[in-house]
Structures are given as C-alpha cells and as structure tokens.
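Accompanying notes for the structure given below.
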Amino acid sequence: MTNIPVNAVDVSNLTVKFGDFIAVKNISFSVEKGEIFGFLGANGAGKTTTIRVLCGLLLPTSGKVKVSDVTYDQGIEAIKAKVGYMSQKFTLYNDLSIQENFAFTASLRKIPSDTLKRRTKELLDFIGFSKPMNTLVRDLPGGIKQQVSLAASILHDPEIIFLDEPTAGVTPVARARFWALIKQLAKDGKTIFVTTHYMDEAEQCGRIALMRTGEIIALDGPENLKKTTFPDPIIELNPKGTIPSELIEQLRNNKAVDSIDSYGMKYHLIMKDSQEWNRLSIEIAPFFVIRQIPPSLEDVFIRLVEGVTR
Amino acid sequence: MQQMSIGIKINNIKKKLGLNQALDGVSTHFEEGLLHGLIGPEGAGKTTLLRTLLNLLTPDEGTVQFTNHGADIDYNSIRSSIAYMPQQQSLYADLSISEHLDFFRDLYQIPKDVYLKRREELLHITRLDKFIDRPAGKLSGGMYKKLGLMCALLQSPAAILLDEPTNGVDPISRREFWDLLHRLSKENILIIFATAYMDEAERCDRVHILSTGSLIAEGTPRGVLERENVESYDALFIKRAAEGVL
Numbered sequence: 001m002t003n004i005p006v007n008a009v010d011v012s013n014l015t016v017k018f019g020d021f022i023a024v025k026n027i028s029f030s031v032e033k034g035e036i037f038g039f040l041g042a043n044g045a046g047k048t049t050t051i052r053v054l055c056g057l058l059l060p061t062s063g064k065v066k067v068s069d070v071t072y073d074q075g076i077e078a079i080k081a082k083v084g085y086m087s088q089k090f091t092l093y094n095d096l097s098i099q100e101n102f103a104f105t106a107s108l109r110k111i112p113s114d115t116l117k118r119r120t121k122e123l124l125d126f127i128g129f130s131k132p133m134n135t136l137v138r139d140l141p142g143g144i145k146q147q148v149s150l151a152a153s154i155l156h157d158p159e160i161i162f163l164d165e166p167t168a169g170v171t172p173v174a175r176a177r178f179w180a181l182i183k184q185l186a187k188d189g190k191t192i193f194v195t196t197h198y199m200d201e202a203e204q205c206g207r208i209a210l211m212r213t214g215e216i217i218a219l220d221g222p223e224n225l226k227k228t229t230f231p232d233p234i235i236e237l238n239p240k241g242t243i244p245s246e247l248i249e250q251l252r253n254n255k256a257v258d259s260i261d262s263y264g265m266k267y268h269l270i271m272k273d274s275q276e277w278n279r280l281s282i283e284i285a286p287f288f289v290i291r292q293i294p295p296s297l298e299d300v301f302i303r304l305v306e307g308v309t310r
Numbered sequence: 311m312q313q314m315s316i317g318i319k320i321n322n323i324k325k326k327l328g329l330n331q332a333l334d335g336v337s338t339h340f341e342e343g344l345l346h347g348l349i350g351p352e353g354a355g356k357t358t359l360l361r362t363l364l365n366l367l368t369p370d371e372g373t374v375q376f377t378n379h380g381a382d383i384d385y386n387s388i389r390s391s392i393a394y395m396p397q398q399q400s401l402y403a404d405l406s407i408s409e410h411l412d413f414f415r416d417l418y419q420i421p422k423d424v425y426l427k428r429r430e431e432l433l434h435i436t437r438l439d440k441f442i443d444r445p446a447g448k449l450s451g452g453m454y455k456k457l458g459l460m461c462a463l464l465q466s467p468a469a470i471l472l473d474e475p476t477n478g479v480d481p482i483s484r485r486e487f488w489d490l491l492h493r494l495s496k497e498n499i500l501i502i503f504a505t506a507y508m509d510e511a512e513r514c515d516r517v518h519i520l521s522t523g524s525l526i527a528e529g530t531p532r533g534v535l536e537r538e539n540v541e542s543y544d545a546l547f548i549k550r551a552a553e554g555v556l
C-alpha cells in the first residue's frame, strides 16, 4: 500500500471532555501536507480545544491524533517540535527588540545559536524585513509586526503552522502581502492551519472545516461549501430609499421566504418556494434594486451554524 | 425624560503619543442621532480619537465642540449622558449578568423604578434574559460584549462611543450586535463605532476612514465608494496605497 500523499494531521474519533462538558465530540478529519486548512465556528464551538490538542498542549480524552507522523505516545514534546503557533494578539513582546524576541523564542525552542543565526537571516529575507534588528516591536507598524510574528513562530522550522486570526486589524494591503507569504510556505510543503472569524481569511483556504458545539458539521473547499449550502443563487435587495421596517417584517413572515437578513445596507433573501419569486419580485420591485448574487462564505457560515436552531 | 440630542464637531485635532503622531489634523462632524463608523487598521488613531472626544486625552492642537439640537453646548453639562465602551472592558469574571447590572446601577445611582424598567428592556433586546445568573467569566465572546454594552447603556446615554466591540467575535454574534446598534440608533442616540473590519463600513449611516492619523475618506457608505469609484473599502485602501498616500 502506498502512503502518498502524506497527511500532516490525522485526527480520528477525537473527544475532549472537561468534567461533564464535552468540548469536542468524536471528530475525525485529515489535513494534507502543504494544504491551507481553515477552521471556523462560533465562539465556544470547540476550535481552540481541538487546536490545543494538535499543538501538544492538551491530552485527548479519547481518540487518536497524529501530527506530522508523531502521536501522543511519543510524548508531548515530540508533537510540540512539529508545530508553530502565531496569534494576532500575542506572539511577540512589545518591550523587546526583534533580536531579543527571536533569542527568547530560540531559547524556549532550544535552538542552537548557529541555527538561530541562519534561520533569522533566512526568515527576515523571506518576509523582506529591512529595519535594524534592535528595533522595539512596539515601534513596528501593524502589518510588519504581523510578518515578524510569523517569522518568530516558524523559527524552529515546524511542519505545521497554526494561525489564529492572523490578519485581523491590519490594512488590506498588509493582509494581501501576508497571504502571499503564507501561500509561499504552503508551496514549500508547510501545512497551514487557520482559525478565523474573518471570512476574507477563510476565502483564502483550500478547505474549510466548520465546527458547531464540538462537532464538524461541514468540511469542503470554499466554492463547494457555497454550492452545496445554496444550490440556488441568493437574491440581493438593495434599497432604493428608506425601507419601511414593516416591509422587511412582511417579507420575513412570507411563507415562500426562507430567510431575509441584513448585510450592511442591503438585504439577502433566500426563497423557500422559488415559484413564488416571480410574483414577489414584481411586488417589491419599486422598493429595491434586485440582483441575483453568488453566496458568500458569511452566508454559508450563518446558514450552517444557525440552521438547526432556527 | 431626556430629549437630549448630541452631536460632535472636531476641528484639526492633532495628538502626539510618544514619538507617534497618533492624530495628524483630523476635522469632521459626528451628526446627532446617526450611527458613525470610525474605520481603519490597527494604529490608524481610532482609540486616540475616541479618547480625545471623551476628554480623556487633551489634544495638542484643535478643538472638540459638542452640540445639542444644533446649538453649541459645554461638555461638562453632558458628560454623564455619554457612554464609553473601551476595548478592554472592566467586567468582573465572578459577577453574574444580574450582579453586573446591579453594580452599575449603584455606580450611576439610577432610581430603582427607572433601573428595573431599563434592565428588563436591555435584557430583552440583547436576548440575555435567560442567562442572568451566568458569571461574566463563563460567557461566550459575543455575550460578553453584549453585557458590556448593556452596562454602558444602563444610564440611557444620549451618545455612546464603542471601541472595536466586534473584534474577535464570530459572524453570528457580530450580526446580532449590529442589529442591536441599529435598534438603538432609532432612539436618536449618537453612536460612534470604531472597527478594523472594513466590511462593517456598510452597516453605518456615515463612515470616516482613518489611516495613520488622518482621514482618507468620509461620507455615506455608498457615497464614498461611488465617489472613489471602488467596489469595497478594502479596494479603497489598496487604491490609496497605489497612489502613494498610505
């Protein structure tokens, strides 16, 4: 039996309990080497717990976890060596210089000084960093700080890189630059694991797993998720003027309407009975500019996560 | 009870924090009763501007003028009518939702009958009424932010300034939070909402786009996009960067 492609992450029947509370319920999934894998879900869905297990920070209650061919049987330290972790909120110390941050990370990771020197040069070249190494992190602009964070989190050359909402708060230009770096890393065979509430970031992923109350409720590429969740296009209603709130209520209570939600200045309408649309569209035409649009990942997220409770 | 209506005009505000020119000559108008979005990436000057409006920071240059029904008004006469929800909120992990509300009633010295009515109203619109006994430390991210908002709204403010309340909150909770703000906005409250999420621009009545201490665009969400001839606020930043402005 051949073993190609090698999976970077293999999770089978993973369950994590905290006392009586089941944070993760019997989930199974695999991530291929070189994949950019998105991990989405509402706050409290079990994402962080799953990642803590994959980073070697939390023992599973039951089930098997393999991270870059290492299992928990080989010890937590063996898993930790394979993973890097970067969070938008905290990876670097603001009061330390870049040099000091890297030296600190290196000592935590037990990286020999000659390796540190080599990796520092490689990574700073990779992110195109040109400021002096003794610059304090707090003096770096947000976008640069984020790239330096990425460099620090992969100093020990891990196989798998976990990114926690990595580009929230930076300029769209810096975000595009960051994702170019991530894609390069994936191309070089690193596996990228992204958790985010930012649908723009989720769009960049090859596949996305969506979690709800401890379970994976969907797992597919962004485009397929959109297609399977919404076989029909979504109807966008762009108000021509001020819309009476009764009209929206009326639409919401219409039996042929599945849902109507506000999206910024516009509304997204999903029909239950598409036959009825021909009539309805004429009725509301005086109030809205009507367009059929492809669903966004936010539409998918809201539909799948809220779907059952509605 | 109160028919106060607050607007804020600022003129050429400059503020240096350490070596950083956090605000570099910002002039704008926050109109009475509207929902204003202060939109920009980290380091744009959003928090500094909010804190300047609240008189928590004194600007190096420039003026802040409050209005009530169009007439200039002294800040000190209305400061208790302005609520502020900072980025890092001082809620108490061990206190329940109910205890928080009681605590803030004491702080604001709200009469009991007024308090009970307001409390019921807020618990209803935030849909937190089923969770009143849950400690703040055990609330989800979105619920925690809603509790913070409730505490800020307890004194029925005429204006509320919110510093990135939707940061790190999942899309569903974010949407609920915005629905809540739109409800509030109908009560003629001035809302100033700081965010780094560009897509939230579209949910505001007026947007003010900040970058490295300066306003790079402002107006109605649609007006700005049309005037700049771009599809989205992301695209606006990319265009400005290409023009060498950023």
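Order-wise, the sequence lines are chains A and B.
Reading the first sequence from the start, the letters are residues 1 to 310 in this note's numbering.
Reading the second sequence from the start, the letters are residues 311 to 556 in this note's numbering.
For each residue, glycine too, the CB sits at the ideal point set by N, CA and C.
Since we're looking at a predicted model, the values are computed, not measured.
### Query
CB residue 76/A to CB residue 186/A, shorter than 8 Å?
No, they are not a contact pair.
### Message
Check this for me: beta carbons of residue 380/B and residue 43/A, under 8 Å apart or not?
### Response
Not closer than 8 Å, so no.
### Message
Could you compute how far the alpha carbon of residue 79/A sits from the alpha carbon of residue 160/A?
### Response
Between residue 79/A and residue 160/A, the alpha-carbon positions lie close to 10 Å from each other.
### Task
Please determine, among 197/A, 50/A and 257/A, the residue with the shortest C-alpha to C-alpha distance to residue 484/B.
Shortest Cα-Cα distance from residue 484/B to any of 197/A, 50/A and 257/A involves 197/A.
### Query
Using a beta-carbon distance below 8 Å, is residue 424/B in contact with chain A?
No, no contact with chain A.
### Query
Taking just the CA atoms, how far does residue 349/B sit from residue 33/A?
Between residue 33/A and residue 349/B, the C-alpha separation is close to 38 Å.
### Query
What are the start and end residues of the beta strand (DSSP E) that includes residue 267/A?
Element bounds for residue 267/A: 266-271.
### Task
Determine the DSSP secondary structure at residue 436/B, reduced to helix, strand or coil.
The answer is helix: DSSP assigns residue 436/B an H, G or I state.
#### Entry: Extent of the continuous alpha helix (DSSP H) run through residue 222/A
Residues 222-229.
### Task
Answer yes or no: do residue 403/B and residue 446/B have a C-beta to C-beta separation smaller than 8 Å?
Going by C-beta atoms, residue 403/B is nearer than 8 Å to residue 446/B.
### Query
Do residue 228/A and the ligand FAD come close, with the Cβ less than 7 Å from some heavy atom?
Questions concerning the ligand FAD fall outside what the structure shown contains, since it holds no ligand whatsoever.
#### Entry: Exposure of residue 293/A, with buried meaning 16 or more beta-carbon neighbours within 10 Å
Of the residues assessed, residue 293/A falls on the exposed side of the cut-off, its CB having fewer than 16 other CB atoms within 10 angstroms.
### Task
Below 7 Å between beta carbons is the criterion; list the residues of the stretch 278-309 of chain A that meet it against any residue of chain B, in chain order.
Going along the stretch 278-309 of chain A in chain order, one finds 298, 301, 302, 305 and 306 with a Cβ nearer than 7 Å to chain B.
#### Entry: Other residues of its chain near residue 291/A: CB distance less than 6 Å, five sequence neighbours each side excluded
The residues 236, in chain order, have a CB closer than 6 Å to that of residue 291/A in the same chain once the five nearest residues on each side in sequence are set aside.
### Task
Take residue 391/B and list the residues in its own chain whose beta-carbon comes closer than 6 Å to its own, dropping the five residues that flank it on each side.
Taken in chain order, the residues that qualify are 314, 467 and 468.
### Task
Mind the definition here: the stretch 315-327 of chain B touches the stretch 370-377 of chain B only if three or more C-beta pairs lie below 8 Å; say whether that holds.
They touch, by the three-pair rule.
### Message
I'd like the list of long-range same chain contacts for residue 296/A, defined as Cβ closer than 7 Å, with 5 residues on each side in sequence excluded.
### Response
Its chain contains 199 as the residues whose beta carbon lies nearer than 7 Å to that of residue 296/A, once the 5 sequence neighbours on both sides are disregarded; these appear in chain order.
### Message
Quick check: is the beta carbon of residue 498/B nearer than 8 Å to any beta carbon in chain A?
### Response
No, no contact with chain A.
### Message
Residues in the same chain with beta-carbon distance under 7 Å from residue 87/A, minus the five sequence neighbours each way, listed in chain order, please.
### Response
Contacts found: 164.
### Message
Does residue 309/A come out as helix, strand or coil in the three-state DSSP assignment?
### Response
With a pLDDT of only 42 at residue 309/A, under 50, the local geometry of the prediction cannot be trusted, and the value read off the model is given with reservation. Reduced to three states, the DSSP call for residue 309/A is coil.
### Message
Rounded to the nearest angstrom, what separates residue 147/A and residue 481/B at their Cα positions?
### Response
Distance between the alpha carbons of residue 147/A and residue 481/B is about 25 Å.
### Message
Here's the rule: buried if 16 or more other CB atoms are within 10 angstroms of the residue's CB, otherwise exposed. What is residue 282/A?
### Response
Residue 282/A should be labelled exposed.
#### Entry: Residue-chain proximity (residue 340/B, chain A), Cβ-Cβ < 8 Å
Answer no: the Cβ-Cβ gap between residue 340/B and chain A never drops below 8 Å.
#### Entry: Within-8 Å CB hit, residue 279/B to chain A
Nothing can be reported for residue 279/B, as the shown portion of chain B is limited to 311 through 556.
### Helix, strand or coil at residue 364/B according to DSSP, with G and I counted as helix
Residue 364/B: coil per DSSP, three-state reduction.
### Message
Mapping the DSSP letters down to three states, classify residue 197/A as helix, strand or coil.
### Response
Per DSSP, reduced to three states, the secondary structure at residue 197/A is coil, with no helix or strand assignment.
#### Entry: Boundaries of the beta strand (DSSP E) in which residue 7/A is found, first to last residue
7-18 is the extent of the beta strand (DSSP E) around residue 7/A.
### Which of helix, strand or coil DSSP assigns to residue 543/B
If DSSP states are grouped into helix, strand and coil, residue 543/B belongs with the helices.
### Query
Any idea what DSSP makes of residue 549/B, helix, strand or coil?
For residue 549/B, the secondary structure class from DSSP, reduced to helix, strand or coil, is helix.
### Task
Could you tell me which chain A residues have their CB closer than 8 Å to the CB of residue 539/B, listed as they occur along the chain?
At a C-beta separation below 8 Å, residue 539/B has no neighbours in chain A, since its nearest C-beta there lies roughly 17 Å away.
### Query
If we count Cβ pairs, one from each stretch, closer than 8 Å, do we get three or more for the stretch 7-23 of chain A versus the stretch 108-128 of chain A?
These segments do not touch.
### Task
Give the residues of chain B in contact with residue 8/A, contact being defined as C-beta atoms less than 9 Å apart.
Taking the beta carbon of residue 8/A as reference, no residue of chain B falls within 9 Å; the closest one sits roughly 26 Å away.
### Task
Determine whether the Cβ of residue 544/B lies closer than 8 Å to any Cβ atom of chain A.
So yes, residue 544/B belongs to the interface.
### Task
Could you tell me whether any Cβ in chain A is nearer than 8 Å to the Cβ of residue 452/B?
Cβ-Cβ to chain A under 8 Å: yes for residue 452/B.
### Query
When burial is assigned at 16 or more other CB atoms within 10 Å of the CB, is residue 473/B buried or exposed?
Under the 10 Å beta carbon count, residue 473/B is surrounded by 16 or more other beta carbons and is classified as buried.
### Query
Which ranges does the beta strand (DSSP E) cover as unbroken runs of at least 3 residues, wholly within the stretch 6-89 of chain A, from first to last along the chain?
Taking only runs of at least 3 residues, the beta strand (DSSP E) segments lying wholly in the stretch 6-89 of chain A are 7-18, 21-32, 36-41, 62-67 and 83-87.
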